[in-house]
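Just so you know, the sequence shown maps onto residues 962 to 1175 in the working numbering.
Note that the Cβ used here is the ideal one computed from N, Cα and C, for glycine as well.
Predicted model only: the values in this text are computed from it and were never measured.
Below is one structure, written out as structure tokens; the observations come after it.
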Amino acid sequence: MNETDLFDRSTIRNLLENWAVWRDAGDWDRFRTVWHDDGWMYATWFQGPAADFIRVSSEGWDKGVSILHFLGGVSIDLAGDRAVAQTKMTISQRAAVHNVSCDVVCTGRFYDFLEKRRSTWGLVLRQPIYEKDRLDPIDPSAKLELNSDRLNAFPVGYRHLAYAQEEIGYRVKRDMPGLKGPEVEELYARGQAWLTGAIARGEDLRKGHAPVAP
């Protein structure tokens, strides 16, 4: 591995860590700097341009929406001025579910498409992979009964997270990638196409995926 590769990998990892810290701290001005201008964000509750994601995240922050991110190991595939990164993560959200204050934790990976433009790395598209989750009342003595039909209507990797998010008014996407299945296999294929140049532009990564407002 040459010095340029080492520098690029270090820069990308720093960018990914800054994403979590600055977003969860509400540091929106610096948070904008990790994205390219045409950056795109996918999440259970939002799919659209990074600029809109920053705006609605800021609005949620002001309303008391509590979503935090914790990062683990990172794997980075480099191909010149392009990269695909996978970062182990957990999403932790606090919300009232049937009037019971709860914490829901979802474990998975951030799957990121990145590009170096004018010597600067930035996010082109972020797609979380949702692997498993759980929901717990903050007060262990509280009685919480979930609607099993509603719960089981969501994909297994994020069904509790989706249940809690729809309880507080978000519309949740039902076909996000999980640990296995056609959605995640298609995501991996797009990652390889991005690295080889078979996908020419960032906007082509998201063709057929219309933004959904929360």
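Contact under 9 Å by Cβ, Leu-1029 with Gln-1054: Between Leu-1029 and Gln-1054, the C-beta gap is smaller than 9 Å, which places the two residues in contact.
Closest residue to Leu-1032 among Asp-1110, Tyr-1131, Asp-1136, Val-982 (Cα-Cα distance): Nearest option by C-alpha distance: Val-982.
Ile-1090 and Met-1137 closer than 9 Å at C-beta: Yes.
Nearest-angstrom Cα separation, counted from Val-1145 out to Lys-1049: The alpha-carbon atoms of Lys-1049 and Val-1145 are separated by roughly 15 Å.
Nonlocal neighbours in the same chain, by C-beta distance under 7 Å from Trp-996, ignoring five residues either side: When the five nearest sequence neighbours on each side are left out, the beta carbons in the same chain lying within less than 7 Å of the beta carbon of Trp-996 are those of Ala-1011, Gly-1083, Leu-1084, in order along the chain.
Glu-1106 classed as buried or exposed, judged by whether at least 16 other C-beta atoms fall within 10 angstroms: By the 16-neighbour rule on beta-carbons within 10 angstroms, Glu-1106 is exposed.
Residue closest to Arg-1151, alpha-carbon to alpha-carbon, out of Gly-1034, Ile-1015, Arg-1087, Asp-1042: Closest by alpha carbon: Arg-1087.
DSSP-derived helix/strand/coil call for Ile-1185: Because the chain here runs from 962 to 1175, residue 1185 falls outside it and cannot be looked at.
Helix, strand or coil at Ala-1171 according to DSSP, with G and I counted as helix: Caution is warranted here: a pLDDT of 36 is assigned to Ala-1171, below 50, making its placement in the model unreliable, and the coordinate value is therefore given only provisionally. Ala-1171 carries a coil assignment under DSSP once its states are collapsed to helix, strand and coil.
Residue nearest to Val-1117 in terms of C-alpha spacing, selected from Gly-1130, Ile-1129, Leu-1096: For the residues Gly-1130, Ile-1129, Leu-1096, the minimum Cα distance to Val-1117 belongs to Leu-1096.
Straight-line gap, Asp-998 to Asp-1042 (C-alpha atoms, nearest Å): Spanning the two alpha carbons is a distance of roughly 17 Å.
Residue span of the beta strand (DSSP E) that contains His-997, given as start and end: Looking at the DSSP string, the run of the beta strand (DSSP E) that includes His-997 is 996 to 1003.
Pairwise C-alpha distance: Gly-1000 and Gly-1163: If I take the Cα positions, the gap works out to 8 Å.
Enclosing alpha helix (DSSP H) for His-1121 [first to last residue]: Counted as a single uninterrupted DSSP element, the alpha helix (DSSP H) harbouring His-1121 occupies residues 1120 to 1128.
Length of the line joining the Cα atoms of Asp-1023 and Arg-1016: C-alpha of Asp-1023 to C-alpha of Arg-1016: approximately 11 Å in a straight line.
Unbroken beta strand (DSSP E) run spanning Ser-1027, endpoints: In the DSSP annotation of this structure, the continuous segment of the beta strand (DSSP E) that includes Ser-1027 starts and ends at 1027 to 1040.
The stretch 1000 to 1009 in contact with the stretch 1124 to 1137 per 3-pair CB rule at 8 Å: When C-beta atoms of the stretch 1000 to 1009 are compared with those of the stretch 1124 to 1137, three or more pairs fall below 8 Å, so the two segments count as touching.
Length of the line joining the Cα atoms of Asp-1073 and Ser-1019: Those two C-alpha atoms are separated by around 22 Å.
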